[in-house]
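Visitor: Input: one structure, supplied below.
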Amino acid sequence: MKFVSAVFLIALCAVANFAQVTSIESDFENNKSKYKLEKFAEGEDASSGYDYLVYTNKAEVVKVREIWSSSYQPTFRAEDYFFKDGKLIAFVKYTFPKKYYKTSIKGAKIPLKIVEKFYLTDSKLTSWIENGKTIPKTDERWQETEKDVLERADGQIETYKRFREEN
């Protein structure tokens with residue numbers, strides 16, 4: 624009986640985690656047409672750079688998609704930062720084939736391969752999925768990863784503010 628209860632509890636937690644994950648992304652997609660989209664780019668060097676798609680609701684940043692591209696790489700990277708009430712609630716890393724680059728910078732849907740997902744509540748990492756596997760909170764990398772994710776999100780907001788000031 625204890626085994627059945629344990630399996631049920633694990634399944635319930637997995638469903639709750641999946642519900643959180645899908646609701647953040649689906650809420651964004653359902654409301655995407657209500658948001659203002661701003662685009663800007665920065666070159667890293669002559670052959671690579673970053674494109675940014677920033678979705679805002681009035682003065683609030685809702686999502687930032689950072690797209691890294693390189694003329695010599697067959698696979699590009701995209702990172703989505705989801706915000707609510709000024710706080711990061713999800714960060715998702717993807718890769719995608721180079722042939723979708725022009726479509727990606729328009730903000731259109733493209734086939735993305737998920738590399739990592741991070742979900743946060745009150746600036747605390749609550750779920751981390753790496754290559755399809757849930758990383759336990761006991762993992763020695765947890766605290767450093769949480770710090771890195773929050774710093775990266777702060778960097779996205781600072782990059783957006785700098786872009787706004789320059790334009």
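Quick note on numbering: this note's numbering labels position 97 of the sequence shown as 720, and the sequence is numbered without any gaps.
Think of the CB as a built atom: it goes at the ideal place given N, C-alpha and C, for glycine as much as any other residue.
Predicted model, so just to flag it, every value in this text is computed and none were measured.
Could you check whether L676 and I712 sit closer than 8 Å to each other, using their CB atoms as the reference points?
Guide: As a first step, residue 712 is located in the sequence shown; it is residue number 89 there, counting from the start. As a first step, residue 676 is located in the sequence shown; it is residue number 53 there, counting from the start. Not in contact: I712 and L676 (Cβ atoms no closer than 8 Å).
Visitor: Decide if Y704 is buried, meaning its Cβ has at least 16 other Cβ atoms within 10 Å, or exposed.
Guide: Your numbering for residue 704 matches position 81 in the sequence shown. Buried, since its Cβ has 16 or more Cβ neighbours within 10 Å.
Visitor: Spatial neighbours of K747 within its chain, please: CB distance less than 8 Å, with the 5 preceding and 5 following residues excluded, ordered by chain position.
Guide: Position 124 of the sequence shown, counted from the start, is the residue given in the question as residue 747. Excluding positions up to five away in sequence, the list reads E769.
Visitor: For W691, which residues does DSSP report across the bridge?
Guide: Position 68 of the sequence shown holds residue 691. Its beta-bridge partners are Y673 and R700.
Visitor: Cβ atoms of Y783 and V687: under 8 Å apart, would you say?
Guide: Position 64 of the sequence shown, counted from the start, is the residue given in the question as residue 687. Position 160 of the sequence shown, counted from the start, is the residue given in the question as residue 783. Yes, they are a contact pair.
Visitor: Could you have a look at S746 and say whether DSSP puts it in helix, strand or coil?
Guide: By 1-based counting over the sequence shown, the position of residue 746 is 123. Coil at S746, not helix or strand.
Visitor: Excluding the 5 residues flanking I733 on each side, which residues of the same chain have their C-beta closer than 7 Å to its C-beta?
Guide: Counting from one through the sequence shown, the residue named residue 733 turns up at place 110. For I733, where only same-chain residues beyond five positions count, the Cβ hits under 7 Å are F719, Y723, T726 and S727.
Visitor: Grab the span of the alpha helix (DSSP H) containing K725 for me, first residue to last.
Guide: Within the sequence shown, the letter at position 102 stands for residue 725. That run of the alpha helix (DSSP H) goes Y724 to S727.
Visitor: Suppose you measure from the CA of I780 to the CA of R787; what does that come to, to the nearest Å?
Guide: Residue numbering aside, residue 780 sits at position 157 when the sequence shown is read from its first letter. Residue numbering aside, residue 787 sits at position 164 when the sequence shown is read from its first letter. Spanning the two alpha carbons is a distance of roughly 11 Å.
Visitor: Buried or exposed for A682, please, with buried defined as at least 16 other CB atoms from any protein chain shown within 10 angstroms of its CB.
Guide: Against the sequence shown, residue 682 aligns to sequence position 59. When all chains shown are included, A682 counts as exposed.
Visitor: From the DSSP output, in three-state form, read off E648 for me.
Guide: On the sequence shown, position 25 is the one that residue 648 refers to. Note: E648 maps to helix in three-state DSSP.
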